[in-house]
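Student: Take a look at the following structure, please.
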Amino acid sequence: MWMKAGKEKKPRQPKAPKAVQARRTPRLSGDGARDLLRSVAFLTPSVLGVAVFFILPFLVVVYYSVIRSPMNPEFVFLDNFKMVLENNSFRVAAKNTAMFSAIAVPLAVVLSLALALLLECRIPAKSLLRTFFLSPMMVPVASVVLIWQVVFHYRGTLNVIVERFGAQAVDWLNGPYCLLVIVVLFLWKNLGYNMILFMAALNNIPKELLEVADVEGASPVHKFFNIKLRYLSPTVLFVAILSIINSFKVFREIYLLTGNYPYDGLYMMQHFMNNTFGNLDYQKMSSAAVLMALVMVALIALLFKVEDIFGKDVEG
Amino acid sequence: MKKNRYFGRLILTAIAVLFAFGFLMPTVLTISNSFMTQSEISSNYGKVFANVSGSDGKAYIADTVNLKFIPDKVTFNQYIAVLIRSPEYLFKFWNSVVLVVPIVLLQLVIASITAYGFTRWRGKARSFLFFFYVILMLMPTQVTLVPNYLVSDWIGILNTRWAIILPGAFAPFSVFLLTKSMRRIPASLIEAAKLDGSSEWQIFKDICLPQCRSALYSIAILVFIDYWNMVEQPIILLPDAEKQPLSVYLSTINSSEVGLAFAIATIYMVPSLLLFLHGEDYLVEGIAHQGSVKG
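Protein chains in written order, with our numbering: chain A, 28 to 343; chain B, 250 to 544.
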């Protein structure tokens, strides 16, 4: 009995309703000005650093993106953006990056949720399995690149297997499948982390609700879609955003596997940036950075909106 | 009915084991291959790394690639070669250390002070500022590298370690996570200290930080692995190959040194794997508390 009560209490603890949380933080009335001063004191170091290394130079980046050149600061507004958008390598990079994220992010969300559900089932050695699933996130990309090379090389392990089954060998990294190979590497690295997020969220679903559903004879599928998924929607959003961010980091894998000039299908945004840094074309790189920042903000806003629509009935 | 359920569990277990195998395979292979002799490496992977050669250049190369878990003969020769004959890899390893350790320490110090500021005092302006940090945190490196590059160029730290350390120290990632965990500290604790006449600094140092110990540890691990793994930043901010960390340099290893590469790759994953094995529970707890971006 005692054990059970303890167990039931636990999941509710970490996530207090918003109203309670607001009340929890002490707001001492009376010395408003002094509090302001104190908060400024604690926030200043970080704000200064962020301003110096990110915000102020970003404003300059915005400025660079609308002038002719640093030497000739004539206001040209959208000209640079047009130039970048018409640039062939930018288009290839944008297309590949977008395509990669469009494939990898939904897969990352679905598969990591599946893994989290799998570890909720009654199977042996769960904590060991969790450790195994999580371990790739701690392995530096550079360390396992050798193995990936051996596996995906034209004369590598995968093709040995493919040929044993009588099929044609495929040039995995220099052909139509290259993006899928990178998707696999991405999933390998990121699923464990996302899985932990989902496991925590699943743990936070009120147990009474699931018990009631059990009593009423709801099927596992019904329980999943009508109860669990609703409570998971903030986590789905979070995992999606996280995966989008991480999907821009696959440049690491691609760079370490194929260098600065990969097969066309693997030419990513970061490759484009590297090349513009290479010839120090300030206008090009500024406009590209501004464009990308805008796309990111739009994407995040969209995801927030979507979550607002689906997550409403739970929060209220 | 009962038999059916048993069967289902068997299938689920099989799937889990299959996944576990896939997740572990590359890591285990890298480690086990680092104990192979050079001739075994050449024979196994000769087909892939075209100019892998034995000491006399006439090494035996098997017809097909042979990915093997267990070496024919266990040897530490590759490690000895790394340590004695090729000290440049150790220099690169040291480069990684002197880049990553300051970033982790500085980021944690700055972030915990900032997180306290965000936790103790709320208001419109501050929550807007916090939201701003979240947006900044979500920006990909491709965006932030450009401003980082410009500043480093202006203040003349381009191509020095500081071009990576300073922006890293102020990265908002741990501010976000630490604020989330500090907001979980019960207000009564802080109020009690306040009534005892503690100063804000004392409350921060003696109450908030100890309460956040596990969060701090897990964030340290996350920041460490992120920067231990960095590739984009050094390529652009630190183009000098001499100063680059091992995470970039490993890819440029000559294909005739594949055996060495396995040993170096293994050495490079040791710190992060040790951190992981030691702090896995904190790490899991830390990740789990991230919850969502909002609120």
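Think of the CB as a built atom: it goes at the ideal place given N, C-alpha and C, for glycine as much as any other residue.
1) Is the CB of B:Met-199 under 8 Å away from at least one CB in chain A?
2) Can you tell me where the alpha helix (DSSP H) with B:Gln-539 in it begins and where it stops?
3) Run through DSSP, which three-state label would B:Ile-413 get?
4) For the alpha helix (DSSP H) that A:Ile-281 lies in, which residues bound it at each end?
5) Since B:Ser-585 and A:Met-165 are thought to touch, with beta carbons under 8 Å apart, how far apart are those beta carbons, to the nearest angstrom?
6) Is A:Met-296 near B:Gln-391, with beta carbons less than 8 Å apart?
7) How far does the alpha helix (DSSP H) with A:Phe-81 in it reach, from first residue to last?
8) Given a threshold of 16 other Cβ atoms within 10 Å of its Cβ, counted over all protein chains shown, does B:Ser-554 qualify as buried or as exposed?
9) Kindly indicate which three-state DSSP category A:Phe-102 falls into: helix, strand or coil?
10) Rounded to whole angstroms, what's the CA-CA distance from B:His-527 to A:Phe-160? Just pull it up for me.
11) Apply the 10 Å Cβ neighbour rule to B:Pro-396 and answer buried if 16 or more other Cβ atoms are within range, or exposed otherwise.
12) On the DSSP letters alone, give me the boundaries of the alpha helix (DSSP H) that A:Ala-194 sits inside.
13) Taking contact to mean 3 or more Cβ pairs, one atom from each stretch, closer than 8 Å, check whether the segment 168-176 of chain A and the segment 280-289 of chain A are in contact.
14) State whether the segment 235-246 of chain A contacts the segment 303-311 of chain A, with contact taken as three or more CB pairs (one from each stretch) at a distance under 8 Å.
15) Report the residues of the segment 72-99 of chain A with a CB closer than 7 Å to any CB of chain B, ordered along the chain.
16) State yes or no: is the beta carbon of A:Ile-310 nearer than 8 Å to at least one beta carbon in chain B?
17) Could you check whether the Cβ of A:Val-333 sits closer than 8 Å to any Cβ belonging to chain B?
18) Please name the residue in B:Phe-318, B:Ala-537 and B:Tyr-466 whose C-alpha comes closest to that of A:Gly-219.
19) Measuring alpha carbon to alpha carbon, tell me which of B:Ala-512, B:Tyr-517, B:Asp-530 and B:Leu-523 ends up nearest B:Ile-329.
20) Which bits of chain B does A:Ile-336 rub up against, with CB to CB less than 8 Å?
21) Name, please, each residue of chain A whose Cβ falls closer than 7 Å to the Cβ of B:Gly-366.
22) To the nearest whole angstrom, what separates the beta carbons of B:Ser-423 and B:Ile-468, a pair I think is in contact under 8 Å?
23) Using a Cβ cut-off of 7 Å, pull out every chain A residue sitting near B:Ala-510, in sequence order please.
24) Quick check: is the beta carbon of B:Gln-539 nearer than 8 Å to any beta carbon in chain A?
25) Interface residues of chain A around B:Glu-337 at Cβ under 7 Å?
26) Quick one: what's got a C-beta closer than 7 Å to B:Ala-418's C-beta in the same chain, skipping five residues either side?
27) Using a C-beta to C-beta distance shorter than 8 Å, which residues of chain B count as neighbours of A:Met-126?
28) Would you kindly work out how many angstroms separate the C-alpha atoms of A:Arg-54 and A:Leu-63, rounded to a whole number?
29) What are the start and end residues of the alpha helix (DSSP H) that includes B:Val-400?
30) Check whether the segment 359-369 of chain B touches the segment 423-434 of chain B, counting contact only when three or more Cβ pairs, one atom from each stretch, lie closer than 8 Å.
31) What is the DSSP secondary structure of B:Ile-485, reduced to helix, strand or coil?
32) Is A:Ile-272 helix, strand or coil by DSSP?
33) Any heavy atom of the ligand HEM closer than 7 Å to the CB of B:Pro-494?
34) Could you tell me the boundaries of the alpha helix (DSSP H) in which B:Glu-506 lies?
35) When you compare the CB of A:Gly-57 with every CB in chain B, is at least one pair closer than 8 Å?
36) How about B:Asn-575: is its C-beta nearer than 8 Å to some C-beta of chain A?
Tutor: According to the structure data:
1) Look at the range of chain B in this structure, 250 to 544, and you will see that residue 199 of chain B is not part of it.
2) Against the second sequence, residue 539 of chain B aligns to sequence position 290. That residue, B:Gln-539, is in no alpha helix (DSSP H); it is neither H nor E in DSSP.
3) In the second sequence, the residue the question calls residue 413 of chain B occupies position 164. Correct three-state label for B:Ile-413: helix.
4) For the purposes of this step, residue 281 of chain A is taken as the residue at position 254 of the first sequence. Residue range 278-285 is occupied by the alpha helix (DSSP H) that includes A:Ile-281.
5) The requested residue 585 of chain B is not part of the displayed model; chain B covers only 250 to 544.
6) The residue you call residue 296 of chain A lines up with position 269 of the first sequence. The residue you call residue 391 of chain B lines up with position 142 of the second sequence. Result yes, Cβ atoms of A:Met-296 and B:Gln-391 sit closer than 8 Å.
7) Start at 1 with the first residue of the first sequence, and residue 81 of chain A comes out as number 54. A:Phe-81 -> no alpha helix (DSSP H), and no H or E assigned at all.
8) The structure shown does not extend to residue 554 of chain B, since chain B is modelled only from 250 to 544, so the question has no answer here.
9) Here residue 102 of chain A is taken as the residue at index 75 of the first sequence, counted from 1. Looking at A:Phe-102 - three-state DSSP - the assignment turns out to be strand.
10) In the second sequence, the residue the question calls residue 527 of chain B occupies position 278. In the first sequence, the residue the question calls residue 160 of chain A occupies position 133. Looking at the two C-alpha atoms, the distance is approximately 16 Å.
11) For the purposes of this step, residue 396 of chain B is taken as the residue at position 147 of the second sequence. Counting of Cβ neighbours within 10 angstroms places B:Pro-396 among the buried residues, the total reaching 16 or more.
12) Numbered from its first residue, the first sequence carries residue 194 of chain A at position 167. In this chain, A:Ala-194 is not harboured by any alpha helix (DSSP H), its DSSP state being neither H nor E.
13) When C-beta atoms of the segment 168-176 of chain A are compared with those of the segment 280-289 of chain A, three or more pairs fall below 8 Å, so the two segments count as touching.
14) No, the segment 235-246 of chain A does not touch the segment 303-311 of chain A.
15) For the segment 72-99 of chain A, the residues whose beta carbon sits under 7 Å from a beta carbon of chain B are, in order, Pro-72, Ser-73, Gly-76, Val-77, Val-79, Phe-80, Phe-81, Pro-84, Phe-85, Val-87 and Val-88.
16) Within the first sequence, residue 310 of chain A is the residue found at index 283, counting from 1. A small fix is needed here, since residue 310 of chain A is Gln in this sequence, not Ile. A:Gln-310 has a beta carbon lying at 8 Å or more from every beta carbon in chain B.
17) As a working note, residue 333 of chain A is residue 306 in the first sequence. Answer no: the Cβ-Cβ gap between A:Val-333 and chain B never drops below 8 Å.
18) If you number the first sequence from 1, residue 219 of chain A lands on position 192. Of B:Phe-318, B:Ala-537 and B:Tyr-466, the residue nearest in Cα terms is B:Ala-537.
19) Taking the first residue of the second sequence as position 1, residue 329 of chain B is located at position 80. Ranking B:Ala-512, B:Tyr-517, B:Asp-530 and B:Leu-523 by Cα distance to B:Ile-329 puts B:Ala-512 first.
20) Position 309 of the first sequence holds residue 336 of chain A. Residues of chain B passing the Cβ test: none, with the nearest at roughly 14 Å.
21) The count along the second sequence starts at 1 and reaches residue 366 of chain B at position 117. Neighbours of B:Gly-366 across chain A, judged by C-beta separation under 7 Å: Ser-66, Phe-69 and Leu-70.
22) In the second sequence, counting from the first residue as 1, residue 423 of chain B sits at position 174. In the second sequence, counting from the first residue as 1, residue 468 of chain B sits at position 219. Between B:Ser-423 and B:Ile-468 the beta-carbon gap is near 5 Å, inside 8 Å, which marks them as a contact.
23) Taking the second sequence and counting its residues from 1, the one referred to as residue 510 of chain B is at position 261. Correct list: Leu-173.
24) Position 290 of the second sequence holds residue 539 of chain B. For B:Gln-539, the answer is yes, since a Cβ of chain A falls inside 8 Å of its Cβ.
25) Reading the second sequence from its first residue, position 88 is the one you call residue 337 of chain B. Ordered by position in chain A, no residue passes the 7 Å Cβ test against B:Glu-337, which lies about 15 Å from the chain.
26) Stepping through the second sequence from its first residue, residue 418 of chain B is reached at position 169. Within the same chain, and ignoring the five residues on either side of B:Ala-418 in sequence, the residues whose Cβ sits closer than 7 Å to its Cβ are Ile-352, Leu-355, Gln-356 and Ile-359.
27) Along the first sequence, read from residue 1 onward, the residue named residue 126 of chain A stands at position 99. In chain B, no part has a C-beta under 8 Å from the C-beta of A:Met-126; the shortest such distance is about 16 Å.
28) As a working note, residue 54 of chain A is residue 27 in the first sequence. As a working note, residue 63 of chain A is residue 36 in the first sequence. In this prediction, A:Arg-54 scores a pLDDT of 49, lower than 50, which makes its location untrustworthy; the coordinate-derived value is nonetheless stated afterwards. A direct Cα-to-Cα measurement between A:Arg-54 and A:Leu-63 gives close to 11 Å.
29) Translated into positions along the second sequence, residue 400 of chain B becomes position 151. Residues 390-403.
30) In short, these stretches touch, since the Cβ pair count reaches three.
31) The residue given as residue 485 of chain B occupies position 236 in the second sequence. Helix.
32) Indexing the first sequence from 1 puts residue 272 of chain A at position 245. Reduced to three states, the DSSP call for A:Ile-272 is helix.
33) The ligand content of the structure shown is nil, which means the ligand HEM is not present either.
34) Residue numbering aside, residue 506 of chain B sits at position 257 when the second sequence is read from its first letter. Segment: none, B:Glu-506 is in no alpha helix (DSSP H) and carries neither H nor E.
35) The sequence position of residue 57 of chain A within the first sequence is 30, counting from 1. Residue placement at A:Gly-57 is flagged as unreliable, the pLDDT there being 47, under the threshold of 50; the coordinate-derived value follows with that caveat. By this cut-off, A:Gly-57 is not an interface position.
36) The structure shown does not extend to residue 575 of chain B, since chain B is modelled only from 250 to 544, so the question has no answer here.
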